[in-house]
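Visitor: Here it is: the structure, laid out below.
Protein chains in written order, with full-length UniProt numbering: chain A, 1 to 134; chain B, 1 to 134.
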């Protein structure tokens, strides 16, 4: 069995899954990544303006879902969940690309993040050039 | 506590962490994603040529690491692990961008993947335009 230990939590004005934007570029609000004191040493070297990949645990998701109907076209047949970004999936790990806006100790303010208030953070990685080139 | 259930496993010629490439663009070999029968329905709609993000559990990692010395410059001071892609980190989730080369039921052959043989797969997502634009 694989166990994840949250390294922090998302602080966001988003509290309702039904009204939350589905992707960070769809008007998601700024949010604060609030890290636990235990990982303080891992936070050094964050810089304002840097782009980060934030991995979250989408704790409100349904993990029994294998096929979904894409919201872009309700007439389309159901789609395998691994060809979608649906939060409902066997291991609901959220992947969010954000920009660092401000750093205050364990609190990192970031640009548009489509995760609900209280969502556990499980990892943060820098964006690499190889992530964005084809 | 958060628990992940593997949805498959990486089949790769890479067996030794010391000699494995660190990123997929550094000569990593083709690999096969071997999924469990339980998630078969989630695999439909994969297409040859598509780009996928594969999330793995880097099971050989040291989870107690918060600062690392970047391999690019051994003279630099230690760096907070969340500003690096080091596999040694509190929640060692690997993130790999690969292209689908062939599909055979539960076995999906993909381009350069820098994960060791036997690495558990925990999620697969499509690459979105918003992942690769700044």
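For glycine and all other residues, C-beta sits at the position ideal for the given N, C-alpha and C. Bear in mind the structure is a predicted one, so any value in this text is a computation, not a measurement.
Whole angstroms is fine: what's the gap from residue 54 (chain A)'s alpha carbon to residue 29 (chain B)'s?
Guide: When rounded, the separation of the alpha-carbon atoms in residue 54 (chain A) and residue 29 (chain B) is 27 Å.
Visitor: Select from A:34, A:42 and A:5 the residue whose C-alpha is nearest the C-alpha of residue 79 (chain B).
Guide: A:42
Visitor: Run through the UniProt domain "TsaA-like" (4-134) of chain A for me and flag every whole alpha helix (DSSP H) of 4 or more residues, listed as ranges in chain order.
Guide: 40-43 and 129-132
Visitor: Between the Cα of residue 33 (chain B) and those of B:120, B:66 and B:126, spot the shortest distance and give me the residue it belongs to.
Guide: B:120
Visitor: Using C-beta distances below 6 Å, list every residue in its chain close to residue 50 (chain B), excluding the 5 sequence neighbours before and after it, in chain order.
Guide: Take residue 50 (chain B), set aside five residues on each side of it, and the residues of its chain with a beta-carbon closer than 6 Å to its own are 100, in chain order.
Visitor: Residues in the stretch 76-88 of chain B with C-beta within 8 Å of chain A's C-beta atoms, listed in sequence order?
Guide: 79, 80, 81, 82, 83, 84 and 85
Visitor: Going by the beta-carbon positions, is the gap between residue 85 (chain B) and residue 127 (chain B) smaller than 8 Å?
Guide: Contact: no.
Visitor: Quick check: is the beta carbon of residue 134 (chain A) nearer than 8 Å to any beta carbon in chain B?
Guide: With a pLDDT of 43 at residue 134 (chain A), under the threshold of 50, the modelled position of this residue cannot be trusted; read the value that follows with caution. For residue 134 (chain A), the answer is yes, since a Cβ of chain B falls inside 8 Å of its Cβ.
Visitor: Compute the Euclidean distance between the alpha carbons of residue 2 (chain B) and residue 125 (chain B), then round it to the nearest angstrom.
Guide: 20 Å
Visitor: In angstroms with no decimal places, state the Cα-to-Cα distance between residue 11 (chain B) and residue 104 (chain A).
Guide: Counting only the Cα atoms, residue 104 (chain A) lies some 43 Å from residue 11 (chain B).
Visitor: Thinking C-beta only, is residue 48 (chain B) closer than 8 Å to residue 67 (chain B)?
Guide: no
Visitor: Listing by chain order, which chain A residues have their CB less than 8 Å from the CB of residue 3 (chain B)?
Guide: 1, 2, 3 and 4
Visitor: Which bits of chain B does residue 41 (chain A) rub up against, with CB to CB less than 7 Å?
Guide: 66, 67 and 80
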